[in-house]
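All remarks here apply to the structure that follows.
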Amino acid sequence: MSSLSDLEIEIRACKKCKLFEARKNAVPGEGNPHAKLMFIGEAPGLNEDIQGRPFVGAAGKLLDKMIHDVLGLERKDVFITNVVKCRPPNNRDPMPEEISACSPYLVSQIRLINPQLIVTLGRHSTGFLFTYSGVDFPGITKVRGKPHTLRIGRLEIKVFPTYHPAAALYNPNLRETIRDDFVRIRSEINSNSYTIDQFFDPDGSSNKR
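Taking the UniProt record's numbering, I'd label the letters of the sequence shown as residues 1 to 209.
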């Protein structure tokens with residue numbers, strides 16, 4: 001696949017699994033095509049299916065707040081997508097065969113964007129990247145909160161797992177845990193001798209509004 005726009009066209013027309021039968025819109029992802037930071041969630045929900053955009057519901061508002069308040073960035077500075085691009089019925093967990101059908105799109109997105117850091121949101125995206133990289137996945141609670149270097153195709157990328165923001169909507173105690181993880185994400189960025197602005201803009205100029 002030559003570009004993200006070509007990939008988006010293919011995703012929106014995809015019929016590789018049964019999820020296409022009930023969807024209103026496939027949700028390829030959005031953001032900076034040259035982003036150094038990439039967020040990967042689970043699958044679209046109702047609002048995402050209607051709008052064709054990722055993380056636009058309540059969980060998305062929480063994610064936006066963490067990106068803005070903790071990292072000092074906006075959605076336009078990063079790239080946001082899901083491991084599965086169509087909404088599972090009734091917001092159920094994606095099935096293994098659905099992840100298998102859809103995951104080549106995610107791998108292509110990672111290859112084209114080539115981020116320096118990937119933040120996985122929840123067990124499905126985290127488990128997929130660990131398994132794809134040939135690394136044992138013992139569960140989200142055991143791997144979250146710290147970076148892991150994974151080989152994704154020819155790329156060696158740091159992956160930082162945390163809980164899915166939707167989990168904090170059902171368990172408010174997780175909100176502070178996720179915020180703490182975002183503080184660690186910012187520290188991880190700064191530990192590489194980058195300022196936040198330089199990390200997201202190769203020429204060192206600010207992307208922030």
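Just so it is clear, CB atoms sit at the ideal spot from N, CA and C, and this is done for glycine as well.
Treat the numbers as computed from the prediction; the structure is a model and nothing was measured.
Handout entry: Buried or exposed (CB count within 10 angstroms, at least 16 for buried), Asn90
Key = exposed
Handout entry: For Asp181 and Leu112, the rounded distance between their alpha carbons
Key = 26 Å
Practice task
From the DSSP output, in three-state form, read off His68 for me.
Solution key: helix
Problem - Tyr170 classed as buried or exposed, judged by whether at least 16 other C-beta atoms fall within 10 angstroms - result: exposed
Handout entry: Member of Arg175, Pro44, Phe39, Val119 whose CA lies at the smallest distance from the CA of Phe94
Key = First, the residue type needs correcting, since residue 94 is Pro and not Phe in the sequence shown. Here the closest residue by C-alpha is Pro44.
Problem - Range of the contiguous beta strand (DSSP E) that encloses Pro161 - result: 155-162
Handout entry: Minimum length 4: unbroken alpha helix (DSSP H) runs contained in the UniProt domain "Uracil-DNA glycosylase-like" (28-183)
Key = 46-51, 58-69, 96-113, 123-132, 140-143, 165-170
Problem - Pairwise C-alpha distance: Pro115 and Lys158 - result: 9 Å
Problem - Buried or exposed by the 16-neighbour rule on C-beta atoms within 10 Å, applied to Asn173 - result: exposed
Problem - Continuous alpha helix (DSSP H) stretch holding Arg23: start and end - result: Premise fails: Arg23 is in no alpha helix (DSSP H) and is neither H nor E.
Practice task
Please say whether Phe79 and Asn47 have beta carbons closer to each other than 7 Å?
Solution key: no
Practice task
Taking Asp77 as the reference, give the member of Asp64, Pro88, Arg92 with the closest Cα.
Solution key: Asp64
Practice task
Determine the contact status of Ile99 and Val83, defining contact as a CB-CB distance below 7 Å.
Solution key: yes
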